[in-house]
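First to last, the sequence lines map onto chains H and S. Numbering of the first sequence is given in my numbering, commencing with residue 23 and proceeding in unit increments. Numbering of the second sequence is given in my numbering, commencing with residue 3 and proceeding in unit increments. Okay, structure first, notes after.
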Amino acid sequence: MNDTFELRGGESHIEVHKFFPGAIAGATIVALTLQAMFPVHLPRLDILDLPLLVTIYFGLSRRNPSTGLLLGMTIGLLQDSLSGPTVPLGLYGIAKTVVGYMASSIGARLDTEHPLARFSLTVAFFVLHQAVMVLTRRLLLAQPGPWFNMHLAMAAGVNAVLGVPLFLLLDRLRRTS
Amino acid sequence: MVAIPSRHRSLALLAGVLLVQIMMLAVQIKRDSRGRLIRVWAVSAVTPFERSGAWGFGRVRGVWHHYFALQSTVRENEALRIENDSLKLAISELQSKAAEADRLGLLLHFKANNEKTAMVGARVIGASAGTASRTIEIDRGERDGIHRNQPVITPDGAVGKVIEVYRDSAQVLLLTDKDSGVGAMLVDSRIQSPVGGTGELMLTMKYVAAEDTVNVGEKIVTSGMDKIFPRDVPVGTVMEVRPGTPFKQVRVMPAAKLDRLEEVFVLLTQEPLEFQNGAETPSAAAAPSAPAGASTTAPVVSPAAVKP
Numbered sequence: 023m024n025d026t027f028e029l030r031g032g033e034s035h036i037e038v039h040k041f042f043p044g045a046i047a048g049a050t051i052v053a054l055t056l057q058a059m060f061p062v063h064l065p066r067l068d069i070l071d072l073p074l075l076v077t078i079y080f081g082l083s084r085r086n087p088s089t090g091l092l093l094g095m096t097i098g099l100l101q102d103s104l105s106g107p108t109v110p111l112g113l114y115g116i117a118k119t120v121v122g123y124m125a126s127s128i129g130a131r132l133d134t135e136h137p138l139a140r141f142s143l144t145v146a147f148f149v150l151h152q153a154v155m156v157l158t159r160r161l162l163l164a165q166p167g168p169w170f171n172m173h174l175a176m177a178a179g180v181n182a183v184l185g186v187p188l189f190l191l192l193d194r195l196r197r198t199s
Numbered sequence: 003m004v005a006i007p008s009r010h011r012s013l014a015l016l017a018g019v020l021l022v023q024i025m026m027l028a029v030q031i032k033r034d035s036r037g038r039l040i041r042v043w044a045v046s047a048v049t050p051f052e053r054s055g056a057w058g059f060g061r062v063r064g065v066w067h068h069y070f071a072l073q074s075t076v077r078e079n080e081a082l083r084i085e086n087d088s089l090k091l092a093i094s095e096l097q098s099k100a101a102e103a104d105r106l107g108l109l110l111h112f113k114a115n116n117e118k119t120a121m122v123g124a125r126v127i128g129a130s131a132g133t134a135s136r137t138i139e140i141d142r143g144e145r146d147g148i149h150r151n152q153p154v155i156t157p158d159g160a161v162g163k164v165i166e167v168y169r170d171s172a173q174v175l176l177l178t179d180k181d182s183g184v185g186a187m188l189v190d191s192r193i194q195s196p197v198g199g200t201g202e203l204m205l206t207m208k209y210v211a212a213e214d215t216v217n218v219g220e221k222i223v224t225s226g227m228d229k230i231f232p233r234d235v236p237v238g239t240v241m242e243v244r245p246g247t248p249f250k251q252v253r254v255m256p257a258a259k260l261d262r263l264e265e266v267f268v269l270l271t272q273e274p275l276e277f278q279n280g281a282e283t284p285s286a287a288a289a290p291s292a293p294a295g296a297s298t299t300a301p302v303v304s305p306a307a308v309k310p
């Protein structure tokens with residue numbers, strides 16, 4: 023299996039990256055573990071959503087919608103499981119499934135290697151993630167919540183700022199040809 | 003199997019995955035008093051079909067019962083008709099008995115109020131066969147102390163007088179008979195004049211001078227001058243006054259309900275009687291309107307006031 027290959031569409035050509043074995047699983051576990059530790063040890067970092075950043079990164083990198091949505095679903099359901107009995111299974115799962123699918127779909131069409139593109143996409147996916155979460159809460163859980171506010175705007179910015187170096191770090195898990 | 007184009011495969015997978023998670027959420031979520039969301043959804047999804055089914059079954063059942071399964075309806079109708087007839091009869095009998103009880107109660111009350119006056123209660127057992135005379139037959143006769151020319155009354159007023167007496171029955175000439183007459187006077191003006199029958203329901207006051215004033219609605223009582231009736235027994239109420247020469251034509255509605263007599267009293271003496279005010283008031287159901295020139299100062303008599 024090739025480590026890297028190209029999608030050719032017209033004049034553009036976009037690389038589809040492969041990762042070391044266990045890289046995706048390891049990154050996911052680390053992200054979920056850290057996310058589970060934040061509320062206890064670093065409450066101020068509760069604003070971060072590391073599983074979301076991992077979902078976005080691997081979605082953009084793998085550029086396969088099916089893989090992206092399944093990865094998003096898996097990460098989301100794991101996050102649901104770790105979030106305690108007050109969060110029903112599927113709340114994060116649905117949101118991250120959508121984000122994984124969208125990230126993979128966009129990654130297959132655009133070059134998402136540039137830091138500015140990664141920043142912008144992270145903000146956009148954070149907002150999408152939040153929108154799906156609120157929609158799910160309102161429609162299924164009958165829990166009205168704000169669509170967006172300053173806190174969430176700040177969280178989107180912080181996650182995007184963190185995402186740029188994090189994505190560079192995760193780039194190191196790619197297998198080079 | 004339906005083949006899904008490869009470009010739509012991921013979209014179908016997304017839809018499937020989302021659906022599975024939504025169902026998973028629905029299984030977990032419990033909506034307050036309405037139970038789990040999956041149950042709410044299931045019920046909401048099935049209810050319209052259940053409702054449609056129930057409506058359809060109801061229609062089919064209705065058509066069956068109303069158009070096809072009518073074998074026993076004729077028999078049932080016949081039985082119900084017979085039962086209905088017997089119930090009507092029973093109701094009629096009960097109503098008749100209730101009315102009789104009311105009448106007897108009234109008679110008893112009247113007799114209790116006039117216990118010093120000797121009188122005999124009698125039941126009307128017959129009436130004149132033709133229209134030429136207005137008489138009734140009562141079930142009291144010589145053996146009960148009944149004699150000719152004794153006055154007959156009801157708690158409402160004067161009825162007539164005994165004209166024939168037999169061993170166990172007697173014949174009473176009603177005030178409405180053409181040959182009947184009773185000494186009477188107007189209560190307000192104290193004008194005295196005999197009141198006689200006309201052969202119809204209304205009476206007439208025969209000799210009221212043209213210059214005398216008679217008001218419609220004025221009460222008429224017996225004067226006692228005929229030596230038959232005691233004084234002050236209600237005779238009737240003036241319903242119509244027409245000018246005439248030398249006498250006015252005064253039409254009077256009888257105080258007693260002479261067309262529906264069932265029980266009466268035969269007075270054995272001429273002791274004065276005590277009548278209730280309400281009992282003096284005649285029925286005004288058939289009261290004609292006062293003609294021009296007649297006084298209408300008296301109030302119209304209410305039919306309800308006739309009832310004792």
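Just so you know, even glycine gets a beta-carbon here, dropped at the ideal spot from N, CA and C. This structure is a prediction, so every number in the text was calculated from the model and none was measured.
Whole-number beta carbon distance between residue j and residue i, since they are thought to touch under 8 Å
{"i": "S/LEU176", "j": "S/ILE138", "result": "6 Å"}
{"i": "S/LYS180", "j": "S/THR200", "result": "7 Å"}
{"i": "H/LEU93", "j": "H/HIS151", "result": "Between H/HIS151 and H/LEU93 the Cβ distance is about 14 Å, and since that is not below 8 Å, they are no contact."}
{"i": "S/VAL237", "j": "S/ALA257", "result": "6 Å"}
{"i": "S/ILE24", "j": "H/GLY112", "result": "7 Å"}
{"i": "S/ALA120", "j": "S/LEU270", "result": "4 Å"}
{"i": "H/PHE147", "j": "H/VAL121", "result": "5 Å"}
{"i": "S/ILE222", "j": "S/VAL189", "result": "7 Å"}
Beta-ladder partner(s) of residue i, from DSSP
{"i": "S/ASP19", "result": "With the sequence shown as reference, residue 19 of chain S is identified as Val, and Asp is not the correct amino acid for it. Partner(s): none; S/VAL19 has no beta bridge."}
{"i": "S/THR206", "result": "S/GLY198 and S/ARG253"}
{"i": "H/MET59", "result": "In the DSSP output, where bridge partners are listed per residue, H/MET59 has none listed."}
{"i": "S/PRO236", "result": "S/VAL223"}
{"i": "S/THR156", "result": "S/GLY159"}
{"i": "S/PHE231", "result": "S/PHE231 is not bridged to any residue."}
{"i": "S/VAL243", "result": "S/VAL252"}
{"i": "S/ALA2", "result": "Outside the shown range of chain S (3 to 310) lies residue 2 of chain S, about which nothing can therefore be said."}
{"i": "S/ALA211", "result": "S/PHE249"}
{"i": "H/ARG196", "result": "H/PHE41"}
{"i": "S/ASN151", "result": "DSSP output for S/ASN151 lists no bridge partner at all."}
Element boundaries [alpha helix (DSSP H), containing residue i]
{"i": "S/ARG253", "result": "First-last for S/ARG253: 249-256, but that is the beta strand (DSSP E), not the alpha helix (DSSP H)."}
{"i": "S/LYS221", "result": "That residue, S/LYS221, is in no alpha helix (DSSP H); its beta strand (DSSP E) goes 221-224."}
{"i": "S/ALA101", "result": "75-115"}
{"i": "H/ILE78", "result": "72-84"}
{"i": "S/ARG125", "result": "From DSSP, S/ARG125 is part of no alpha helix (DSSP H) but of the beta strand (DSSP E) over 121-129."}
{"i": "H/LEU191", "result": "172-193"}
{"i": "H/PHE148", "result": "137-158"}
{"i": "H/ALA125", "result": "113-129"}
Burial state of residue i (16 or more Cβ within 10 Å)
{"i": "S/ILE155", "result": "buried"}
{"i": "S/PHE267", "result": "buried"}
{"i": "S/LYS90", "result": "exposed"}
{"i": "H/HIS39", "result": "buried"}
{"i": "H/GLY48", "result": "exposed"}
{"i": "H/GLN165", "result": "exposed"}
{"i": "S/LYS118", "result": "exposed"}
{"i": "H/THR144", "result": "buried"}
{"i": "S/ASN116", "result": "buried"}
{"i": "S/GLU242", "result": "buried"}
{"i": "S/PHE51", "result": "exposed"}
{"i": "S/GLN318", "result": "As displayed, chain S neither begins before 3 nor continues past 310, which places residue 318 of chain S out of reach and without an answer."}
{"i": "S/GLY128", "result": "exposed"}
{"i": "S/PHE2", "result": "The question about residue 2 of chain S has no answer, for chain S in this structure spans 3 to 310."}
{"i": "S/SER285", "result": "Because S/SER285 sits at a pLDDT of 39, beneath the cut-off of 50, its placement in the model cannot be relied upon, and the following sentence gives the value as read from the coordinates. Per the 10 Å Cβ criterion, buried."}
{"i": "S/GLY219", "result": "buried"}
{"i": "S/LEU106", "result": "exposed"}
{"i": "S/ILE148", "result": "buried"}
{"i": "H/PHE189", "result": "buried"}
{"i": "S/MET26", "result": "buried"}
{"i": "H/PHE80", "result": "buried"}
{"i": "H/THR96", "result": "buried"}
Delimiting residues of the beta strand (DSSP E) encompassing residue i
{"i": "S/SER195", "result": "194-199"}
{"i": "S/GLU139", "result": "137-140"}
{"i": "S/GLY185", "result": "183-188"}
{"i": "S/VAL351", "result": "The requested residue 351 of chain S does not occur in the structure, where chain S is confined to residues 3 to 310."}
> Do the segment 252-262 of chain S and the segment 87-103 of chain S make contact, defined as three or more Cβ pairs closer than 8 Å?
Replying inline: no
>> For the pair the segment 72-92 of chain H and the segment 9-18 of chain S, tell me if three or more CB-CB distances fall below 8 Å.
In response: yes
> With contact counted as at least three CB pairs below 8 Å, one residue from each stretch, are the segment 235-248 of chain S and the segment 161-169 of chain S in contact?
Replying inline: no
> Does the count of Cβ pairs from the segment 123-135 of chain H and the segment 53-62 of chain S closer than 8 Å reach three?
Replying inline: no
> Is there contact between the segment 100-110 of chain S and the segment 221-233 of chain S, where contact requires at least three CB pairs shorter than 8 Å?
Replying inline: no
> Which of the residues in the segment 114-142 of chain H, read from start to end, lie with their CB under 7 Å from any CB of chain C?
Replying inline: Reference to chain C is not applicable here, since the protein chains of this structure are H and S.
> On the three-pair Cβ rule with 8 Å, is the segment 178-185 of chain H touching the segment 52-59 of chain H?
Replying inline: no
> Does the segment 61-69 of chain H touch the segment 92-111 of chain H, meaning 3 or more C-beta pairs lie closer than 8 Å?
Replying inline: no
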